[in-house]
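Note that the sequence shown covers residues 8 to 320 in the numbering used here.
C-beta: ideal position from N, C-alpha, C; glycine also.
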Amino acid sequence: MRTFVHFSQDGNLYCLSTGKATSVDVKNDLLHCVEIGDKRCNTFIKECFEDPARFEKPISRSKLKNFSSDAIRVKLTVKDRKIKELQGTRDLFGRLLYLAASNNMDLALVFRYPHTPVPLTIAQVDGSVNKTDKSKLMHKLEERVKSSKPVSRDACAIDAMFLIRTLVNVPATFGEIAKLVLTRLLGFAKRVDFVCDSYKTPSIKDIEHGIRGSDATHTNFIISGPDQKRPKDFNASLKSANFKTALLHFLVKEWKRTSHIEQIRGYTLFVGLDDKAYQYDVKDDSIHVQEVPSLVCNHEEADTRLIWHVKHM
């Protein structure tokens, strides 16, 4: 029986879950696996006739390549700091069948529970999450329109964590960090929208946070004031959802202080955080902060929340 009947016009063999053509080695092994198996079977039978003790000896596994051989291996750091490779369990169903036969186990009951690190419906052949970068959608949309670079920049909307992660020579205190972030922000345009992610748990993003080494259940982090020292490894702390939440809330509060009047004077700053939005500007030599109901958005991702801010510019 031929497992693969239909071929593409270019003669390649494609993996349906990834859409990629396999390598020559994988294609050859998959197309000839039956012949290889028959040959090994005949060899085993012949050896058993020649030496009856051969039947009791182990049978070596055929090192045939399959679709998973071409898959990219993804590694992540788990809580104990050990590197764990994501992979599907190759012999899972064989082991289940053996256990069911030897222990009178009901497989219908067994299959009610997950058996892999990632559900197979959304997993690659190596066990990692099957996902597409959101930027690919934007690239496709950009291909459909013709545009030119703006001659002037009157407004700018930016992802909060993207900007924070680009900081170099991060100051020692949170107050200085707030000043640096504000300086960077107001250098983009007269109107700036600082749009933040929301970190909720449980969330559909928990799998992605785990892959990145994030810890959504990290001990609560409190920033008591501008003079508090930042963690020694600032970038490592940004992997904690609770630290990022505390930092963003501190920035929103810190920028209300009168020490930032001269920085904000002549600019309008909008901040989208959690389920609220704020507007900062200087009036009568004081920083005026008000909520902006029209910018309220409950989206978890800053990527989509940015679109809402742009719509109201």
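Item: Pair within 7 Å by beta-carbon distance, D161 and A196; Value: yes
Item: Start-end ranges of the beta strand (DSSP E) lying completely within the stretch 138–172, minimum 3 residues; Value: 162–166
Item: Identified DSSP bridge partners for H295; Value: D288
Item: First through last residue of the beta strand (DSSP E) which encompasses T275; Value: 275–280
Item: Opening and closing residue of the alpha helix (DSSP H) in which D36 lies; Value: 31–38
Item: Same chain, Cβ closer than 6 Å to L276, five either side skipped, listed in chain order; Value: V199, Y287
Item: Nearest candidate by alpha-carbon position, reference R237, set L38, L106, G182; Value: G182
Item: Local conformation of D200 per DSSP, three classes; Value: strand
Item: Residues of its chain near E298, where Cβ-Cβ distance is below 7 Å and the 5 sequence neighbours each way are ignored; Value: K283, A284, Y285
Item: Local conformation of K246 per DSSP, three classes; Value: coil
Item: Close beta carbons around K141, own chain, < 7 Å, minus the five adjacent residues each side; Value: D310
Item: Own chain partners of I271 with C-beta closer than 8 Å, once the 5 adjacent residues on each side are dropped; Value: L189, L193, W262, Y287, D288, V289, I294
Item: Cβ-Cβ distance between P178 and L170 below 7 Å; Value: no
Item: Cβ shell of K34 (< 6 Å), same chain only, five flanking positions each side left out; Value: L20
Item: Beta-bridge partners of V136, as assigned by DSSP; Value: A130
Item: Backbone CA spacing between K207 and T173 [nearest angstrom]; Value: 24 Å
Item: Option in D58, C22, D45, A108 with minimal Cα separation from F74; Value: C22
Item: Residues near I230 by beta carbon distance below 6 Å, same chain, minus five either side; Value: F181, A253, F257
Item: With 16 other Cβ atoms within 10 Å as the buried cut-off, status of T29; Value: buried
Item: Simplified DSSP assignment, three categories, for T252; Value: helix
Item: Reduced DSSP secondary structure (H/G/I, E/B, other) of K236; Value: strand
Item: Proximity of V152 and L313 at Cβ, strictly below 7 Å; Value: no
Item: 7 Å Cβ cutoff met for D45 and K72; Value: no
Item: Assumed close pair F228, N249 - CB separation to whole angstroms, cut-off 8 Å; Value: 5 Å
Item: Distance CB(V278)-CB(V303) smaller than 7 Å; Value: no
Item: Contact under 7 Å by Cβ, V280 with L255; Value: According to the sequence displayed, residue 280 carries Leu and not Val. Yes, the Cβ-Cβ distance between L280 and L255 is below 7 Å.
Item: Residue of I184, S210, R264 minimising C-alpha distance to Q235; Value: I184
Item: Cβ pair V317, A164 closer than 7 Å; Value: yes
Item: Proximity winner among S301, N305, E307, relative to V319 (alpha-carbon distances); Value: Note that residue 319 is His in the sequence shown, not Val. Looking at the Cα atoms, S301 is the closest of the given residues.
Item: Start-to-end residues for the alpha helix (DSSP H) that takes in H316; Value: 309–318
Item: Member of T128, I43, L114 whose CA lies at the smallest distance from the CA of S69; Value: I43
Item: Range of the contiguous alpha helix (DSSP H) that encloses A185; Value: 181–193
Item: Identity of the residue in S266, N137, K53, F56 nearest P233 by Cα; Value: S266
Item: Opening and closing residue of the alpha helix (DSSP H) in which A115 lies; Value: 114–117
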